[in-house]
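Chains R and Y, in that order, give the protein sequences. Residue numbers for the first sequence follow numbering that gives the first Met the number 0, so the first one is 0 and each next one is one higher. Residue numbers for the second sequence follow numbering that gives the first Met the number 0, so the first one is 0 and each next one is one higher. Beta carbons are placed, not taken as given, at the ideal position from N, Cα and C, and that holds for glycine.
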Amino acid sequence: MNLFLELQTALARLLIFPGLLFAVPAAWFFLWVERKAVARMQGRIGPPFMQPFFDFIKLLGKSTPPRIGIAGLLMRAWPLIAVSAAAGAVGLLPVLPASGGFQGDLILLLALLELPSMCIIAAGFSSGSIFGEIGSAREAVLSVSYNIVFLLAILSIAASQHTFSLQALAQLPSSPLRWLGIVAILVCLPAKLHLNPFSLPNAEQEIYSGPMTEYAGPELAMWELSHGLEWVAATGLVATLIAPAFTLWWVAALVFVALSFGLVLLLSVVAAATARLQIDTTVRFYWQCTLIFAVLAVASALFMRFRA
Amino acid sequence: MNLWNKLMCYSRRHSPWLFHMNGGSCNGCDIELIASLTPRYDAEQLGVRLEGSPRHADILCITGPVTHNAVNAIKTVYDQVCGPKAVVAIGSCPATTNVFIDSRTLDGPLNRHVPVDVFVPGCPPRPDAIIQGVAKAAEILAERASKKLPIAPVVMPLVGPGCNGACSCAAITETKNEEVQA
């Protein structure tokens with residue numbers, strides 16, 4: 000009986016809230032907010048509200064070029080893997096109070112968050128396009144750079160509390176260490192979501208569309224969706240870390256959505272206000288300037304453990 | 000099923016993604032195409048997005064009188080755009096080769112090589128005229144994809160002063176799609 004209930008909660012989280020039924024419309028909404036915010040910052044009116052949805056439906060109805068052999072099969076598979084990983088990551092977020100979860104789901108979440116970026120790297124190389132390969136190489140370099148800071152920040156929060164469970168992390172009282180970690184994660188988000196000033200892998204006007212250059216139709220639609228779901232998962236992770244613990248489930252859900260929306264707005268405004276950096280400047284930024292946050296976070300986590 | 004078709008038709012009309020290609024243009028029309036995306040004209044309100052890759056595009060915007068060097072590139076890019084697709088010829092050059100008529104370096108007009116759906120006359124056309132042409136092309140694309148209509152080019156009306164006086168905008172109205180060579 001207990002197992003059945005746990006299975007039911009897990010399915011509800013994966014499929015309804017914060018899983019697919021919530022996450023897919025939220026992904027389209029966040030993609031619209033991003034485009035609209037950039038347009039408003041540039042003094043334009045911007046796309047209509049339903050634009051990402053129309054784009055998605057239109058792309059589903061387009062034909063794709065023939066894909067032959069193993070490389071073709073892989074090219075069709077990467078976007079699907081990316082979408083399912085991103086959707087799974089959203090489903091793991093501990094939004095509602097007492098929503099289950101298990102010891103170690105933080106590690107699974109981090110792996111799932113990383114999978115879309117791995118898929119992008121693989122997709123660029125298997126497409127065989129020179130622009131795709133340049134984009135993939137940049138994505139690989141970028142992910143090595145920001146992931147050090149990103150992982151150290153999250154792990155230091157987790158290590159200071161002796162837990163790898165997201166539910167336990169989300170209910171912690173706020174402390175200076177936690178805010179240090181959140182700032183470090185926020186600095187990594189533009190690179191994770193390929194936004195300016197770190198929009199190197201898909202640098203438009205420079206290497207066409209990077210790893211996505213050869214993709215068309217439904218495959219491209221899946222890439223767009225996985226990008227939107229990454230938005231939901233990445234901002235959602237920060238939102239659950241920021242949000243205080245609530246007992247009422249609808250208050251928790253509302254605060255989660257409002258915080259995510261605020262983060263999307265913040266990141267879009269930063270993206271519109273900055274220009275793209277070069278790859279060496281970006282790598283230097285993460286290795287020299289941002290690593291200090293992560294080192295501070297880890298140091299204070301160790302300090303807290305020894306004191307406790 | 001019918002509802003799905005209607006939704007698809009509506010989405011196609013509201014999300015035209017462009018790929019811009021220069022077929023030997025003097026750059027005048029290219030500047031105007033970019034101007035149509037800037038804050039003053041803001042074509043993104045219609046869902047227009049300028050894409051970097053022809054694979055992503057629905058509408059191919061071609062400028063210029065089609066030089067010998069550009070012919071193969073235009074045919075390749077046209078084949079790379081995934082269906083359903085439409086072609087917009089921007090400016091008087093792709094329609095009539097304009098002031099460059101009878102030049103030995105040209106292989107125009109454009110509709111000898113690819114089927115054109117919308118001609119936007121002008122030398123260069125105003126950004127509003129280009130947006131109007133793209134919107135018309137999106138409409139044609141949505142209708143043709145659902146009903147299998149034959150390709151008949153549409154010539155947009157001239158907006159503003161448009162013409163430098165040397166070209167042959169009047170002749171564009173007589174343009175037809177010739178048999179496209181394989």
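In the structure shown, what three-state DSSP assignment does residue i receive?
i        : result
Arg39/R  : helix
Thr95/Y  : helix
Ala296/R : helix
Phe118/Y : strand
Arg304/R : helix
Val154/Y : strand
Leu253/R : helix
Val94/R  : coil
Cys8/Y   : helix
Met74/R  : helix
Pro24/R  : helix
Lys61/R  : coil
Ser144/R : helix
Cys118/R : helix
Gly45/R  : coil
Ile69/R  : helix
Gln310/R : The displayed coordinates of chain R run from 0 to 307. Any statement about residue 310/R would go beyond what the structure contains.
Gly227/R : helix
Phe284/R : helix
Arg34/R  : helix
Ile73/Y  : helix
Gln180/Y : For Gln180/Y, the pLDDT reaches just 45, beneath the cut-off of 50, and the residue's location in the model is therefore unreliable, leaving the point undetermined.
Arg143/Y : helix
Val133/Y : helix
Leu4/R   : helix
Phe130/R : helix
Ala139/R : helix
Leu10/R  : helix
Ile241/R : helix
Phe16/R  : coil
Ala165/Y : With a pLDDT of 48 at Ala165/Y, under the threshold of 50, the predicted position of this residue should be treated as unreliable, though the coordinate-derived value follows. Coil, per DSSP.
Ile100/Y : coil
Can you tell me whether residue i is buried or exposed? The criterion is at least 16 other CB atoms within 10 Å of its CB, across all chains shown.
i        : result
Asn97/Y  : buried
Leu301/R : exposed
Phe16/R  : buried
Leu10/R  : exposed
Leu6/R   : exposed
Trp222/R : buried
Thr289/R : buried
Ile206/R : buried
Phe163/R : buried
Ile291/R : exposed
Trp249/R : exposed
Leu72/R  : exposed
Thr62/Y  : buried
Asn195/R : buried
Gly134/R : buried
Ser102/Y : exposed
Gln160/R : buried
Ser259/R : buried
Phe55/R  : buried
Trp77/R  : buried
In the DSSP output, what is residue i paired with across the bridge?
i        : result
Leu105/Y : Thr66/Y
Val86/Y  : Leu59/Y
Strictly under 9 Å for the Cβ-Cβ distance: is residue i near chain A by that measure?
i       : result
Leu59/R : Among the protein chains in the structure shown, which are R and Y, there is no chain A.
Q) In chain order, which continuous runs of the alpha helix (DSSP H) of length 4 or greater are located wholly inside the segment 154-225 of chain R? A) 165-169 and 175-191
Q. Unbroken alpha helix (DSSP H) runs of length 4 or more, entirely within the segment 10-71 of chain Y: which are they?
A. 27-34
Q | the segment 50-71 of chain Y: positions lying closer than 8 Å to chain R by Cβ | A | Glu50, Gly51, Ser52, Arg54, His55 and Asp57
Q) According to a CB-to-CB cut-off of less than 7 Å, which residues of the segment 1-18 of chain Y neighbour chain R? A) Leu6, Met7, Ser10, Arg11, His13 and Ser14
**Q.** Positions along the segment 138-151 of chain R whose CB lies within less than 8 Å of some CB in chain Y
**A.** none
**Q.** Contact set between the segment 21-49 of chain Y and chain R, restricted to residues whose Cβ is under 7 Å from the partner
**A.** Pro38, Asp41, Glu43, Gln44 and Gly46
Q | Proximal residues, the segment 203-215 of chain R versus chain Y, C-beta separation under 9 Å | A | Glu203, Gln204, Glu205, Ile206, Tyr207, Ser208, Gly209, Met211, Thr212, Glu213, Tyr214 and Ala215
Q.
Counting only Cβ-Cβ distances shorter than 7 Å, please list the residues of the segment 50-76 of chain R near chain Y, keeping chain order.
A. Gln50, Phe53, Asp54, Ile56, Lys57, Gly60, Lys61, Ser62, Thr63 and Pro64
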